[in-house]
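Number of protein chains: 2
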Amino acid sequence: MARIVMKFGGTSVADLDRIRNAAMRVKAEVDEGHEVAVVVSAMAGVTNNMVDLVHDAAVLADLREYDVIVSSGEQVTAGLLAIVLQDLGVSARSWLGWQIPIRCDDAHGSARIEEIAVDEMERRFAEGQVAVVAGFQGVDAQGRIATLGRGGSDTSAVALAASLDAQRCDIYTDVDGVYTTDPRIVAKARKLDKITYEEMLEMASQGAKVLQTRSVEMAMKHHVRIQVRSSFADSPGTLVVDEEEIVEQAVVSGIAYSRDEAKITLLRVLDHPGIAANIFGPLADASINVDMIVQNISAETDRTDLTFTVSKSDLERAEEVLRRSQGELGFDQLLADPNVVKVSVIGVGMRSHAGVAQQMFKALADRGINIQVISTSEIKVSVLIAEEYTELALRGLHTAYGLDTA
Amino acid sequence: MARIVMKFGGTSVADLDRIRNAAMRVKAEVDEGHEVAVVVSAMAGVTNNMVDLVHDAAVLADLREYDVIVSSGEQVTAGLLAIVLQDLGVSARSWLGWQIPIRCDDAHGSARIEEIAVDEMERRFAEGQVAVVAGFQGVDAQGRIATLGRGGSDTSAVALAASLDAQRCDIYTDVDGVYTTDPRIVAKARKLDKITYEEMLEMASQGAKVLQTRSVEMAMKHHVRIQVRSSFADSPGTLVVDEEEIVEQAVVSGIAYSRDEAKITLLRVLDHPGIAANIFGPLADASINVDMIVQNISAETDRTDLTFTVSKSDLERAEEVLRRSQGELGFDQLLADPNVVKVSVIGVGMRSHAGVAQQMFKALADRGINIQVISTSEIKVSVLIAEEYTELALRGLHTAYGLDTA
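Here the protein sequences come in this chain order: A and D.
So for the first sequence, the working numbering puts the first residue at 7; every next one is plus one.
So for the second sequence, the working numbering puts the first residue at 7; every next one is plus one.
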């Protein structure tokens, strides 16, 4: 007997047929004798509709009210899944965030879970009852509903698995696992049997939208074994686990890419101590995240060129903010380019293997792809290239690192 | 300065434009210096969609889960109205049933309100904050969401008005008041300025769907002054008040009708003590409400004919139940007729005026309408007639009792 958390995403509960399909999977685990908590998302499309309603209601909506509204979708799914489970003869009840309670901080719209009370749930496990938990939501210290940000149901599931000390946290989704890269672009992409938390974290933050980044951080911290698998197929998925669990580690595990990048270059910026703070301070104040940064070498001693990337959706605002400070920053020209993509090779094996970056640069150069910006971390090399080369770069790198299926 | 409860029904909050319209009405009361609690229904159609989902999910759904699902509609409206009010510069926050809390019994799907804690709401009134309350919902002693039955937001509003000791409870709806009869059928129907609780109760239970019956009972018990008025017009509505408040009371205030009736006649039932219990006991066990009953005179001493009415939707089940007991009841034949309508004349003035019933019978007879069953109460005379005469009967009675507009 094991204790299992199962999480079903929006496409896995998109209609009653899919909810029944999810219920059959839950019943199968119950029939095996396992204790099961299920975390559900809103039915596909519902949360987007709610978000649209809020945005149409007011430009700047009170986030506490936003949370009241957008949390309703998971509430409906939880009730429906409980009903369908009961109809299959499985004892089940729904739990809303405030009923458990899942205690959160008061950062409404992107709250963090602080504590989950699981005593009553565990007592009911002993009676054979399945807990159907509304994902994405908790309650703050003032008793108001708080939501965890988009994709937050993943975090609900991992946090619950940690609190319940569950043996597994199975994330059911519309893909059958984590791939070496996007299989829609690279036909030879392979499903990974296992991936480390660190790699998954880089994959997630680099644009592979399988798991919410925060859920992976939490799983890593609490050693929750995540399995990403398909609601619609019976094949095993991908295990996200501690590095020690992976015996033979490839140097590069996967290649991620993000089209949500835009490049800004400031030409002939005054080069003196504190200038970086003057540039990035106002951007931070405007809640604009800066990702890759490179300071170019300049022939002039008191001038330099600076290139960095922001999210595509922030580009216009970033330009405004910078032009407002043009006098102070003293740059000649601002060049903005939204037609860029960030490609990253990721693997914990890099720590012990030299030459991974050079291999990447060579593979791109061989295909005539110019690298605009480079950034690296211990287990990742990212490059910014022109967006039109996305497919060419992904396929070339996938082959170069020996990731292609036989 | 007064304390006011305002309630907006589903058509009054059907979309964002209508929610804005409702918000403007709330703002007008706030600008007058009043303390305001607003009770909202789900946006028109939402609750029906949820009910359909539940029915499609399982034939016999756990009502506690039903309540989790169907209560979500009011949650969304409450959040949206709070946001729109804030956008208009009015301080406001949403309150869900469990947050206040509105304590209910555990009769899920048709729970009764036991207590409403209003201390915090009153404290916030003093700070100028409007309370936007999700109607139709409360929380039971186990901390589970309980709903009050269809139309329950009226009851939420009246119960809140009673707990807050509010001067007024304004029910905003898509009609501009309570009419002497259905204006879609009788063009000369008049809007009533005032109506007593007792009359409203009879009107409501006789099919005039302006207010939930339970809300009127509660208003009568706690002397809550209800005003039924239109969200879309500025004319005053109809006040529902104590009898003493109405100086000049008409003998008949209104004429109601209900098409949701079906007639069952049992021919040659064995006539002995206890037979009525034998007939109506099994129907009650099957949760089938019996309304009008008449036992016909029979020539035989040990046999009688019995006629009664049930809700149209219960007719088939009622027939089944009765046929199953045919041996015991000993009736010869069961006649079922769904093509009937119940027409009622209502007025507290009947208490002191004789001849109201005869006037009704004559008006119907003059128009060749045959009366099938009669039942009376202190302030009401109801007759069952063939459905095809509905319009003719309503118009004739409206004229006969002098209710036509000049």
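C-beta atoms are modelled at their ideal positions from N, C-alpha and C, and glycine is treated no differently.
Note that this is a predicted model, so its numbers are computed, not measured.
| query | result |
| --- | --- |
| Residues bridged to D:MET12 (per DSSP) | D:VAL44 and D:ASP176 |
| Local Cβ density within 10 Å of A:ALA132, reported as buried at 16 or more and exposed below that | exposed |
| 8 Å contact criterion, which A:TYR178 and A:GLY15 should meet: CB distance rounded | 7 Å |
| Sub-8 Å separation of D:ASN302 and D:THR315 beta-carbons | no |
| Own chain partners of D:TYR395 with C-beta closer than 7 Å, once the 5 adjacent residues on each side are dropped | ILE375 |
| Chain D contact for A:MET127 (CB, 8 Å cutoff) | no |
| Length of the line joining the Cα atoms of D:ALA28 and D:ALA262 | 29 Å |
| Straight-line Cα distance separating A:ASP308 from A:GLY336 | 11 Å |
| Status (buried if at least 16 other CB within 10 Å, exposed otherwise) for A:VAL65 | exposed |
| Boundaries (first-last residue) of the beta strand (DSSP E) holding D:SER416 | Here chain D covers residues 7 to 412 and nothing more, so residue 416 of chain D does not appear. |
| Buried versus exposed call for D:VAL230 [16 or more other C-beta atoms within 10 Å across all chains shown] | buried |
| Cutoff 8 Å; reference D:GLU384; Cβ partners in own chain excluding five residues on either side | MET356 and ARG357 |
| Residues in the segment 82–102 of chain A having any Cβ partner in chain D nearer than 8 Å | VAL82, ALA84, GLY85, LEU86, ALA88, ILE89, VAL90, GLN92, ASP93, ARG99, SER100 and LEU102 |
| Integer Cβ distance of D:ALA84 from D:VAL11, believed to fall under 8 Å | Not really, about 14 Å apart at Cβ, beyond 8 Å. |
| Sequence-distant residues of the same chain with beta carbon closer than 7 Å to D:VAL181, five excluded per side | VAL216 and SER236 |
| Extent of the continuous alpha helix (DSSP H) to which D:GLY260 belongs | Not the alpha helix (DSSP H): D:GLY260 falls in the beta strand (DSSP E), residues 260–276. |
| Contacts that D:LEU217 makes with chain A (C-beta to C-beta distance below 8 Å) | None at all; the shortest Cβ gap to chain A is about 27 Å. |
| Element boundaries [alpha helix (DSSP H), containing D:MET127] | 125–132 |
| Cutoff 8 Å: D:GLY149 Cβ touching any chain A Cβ | yes |
| Stretch-stretch touch, CB-based, cutoff 8 Å, three pairs: the segment 33–43 of chain A with the segment 70–80 of chain A | no |
| Euclidean distance between Cα positions of A:ALA195 and A:GLN81 | 37 Å |
| A:GLY144 vs A:GLY79 beta-carbon contact at 8 Å | no |
| Pair within 8 Å by beta-carbon distance, A:ILE377 and A:LEU370 | yes |
| Inter-residue CB distance, A:LEU289 and A:ALA324 (contact presumed, cutoff 8 Å) | 6 Å |
| Where A:LEU22 meets chain D, residues with beta-carbon distance less than 8 Å | LEU59, ASP62 and ALA63 |
| Span separating the alpha-carbon of D:ALA8 from that of D:ALA88 | 21 Å |
| Contact under 8 Å by Cβ, A:GLN364 with A:ALA406 | no |
| Meets three-Cβ-pair contact criterion under 8 Å: the segment 41–54 of chain D and the segment 16–23 of chain D | yes |
| Members of the segment 169–183 of chain A near chain D, C-beta cut-off 9 Å | none |
| Residues that D:GLN105 contacts on chain A, provided the C-beta gap is smaller than 7 Å | GLY149 |
| Closer than 7 Å at the beta carbon, the chain D residues around A:ALA67 | ILE89 |
| D:SER264 classed as buried or exposed, judged by whether at least 16 other C-beta atoms fall within 10 angstroms | buried |
| Whole-angstrom distance between A:LEU272 and A:ALA342, CA atom to CA atom | 9 Å |
| Rounded straight-line distance, which links the Cα of D:VAL387 to that of D:VAL258 | 10 Å |
| Segment limits, alpha helix (DSSP H) that includes A:GLN423 | Look at the range of chain A in this structure, 7 to 412, and you will see that residue 423 of chain A is not part of it. |
| Minimum Cβ-Cβ distance from A:MET30 to chain D less than 8 Å | no |
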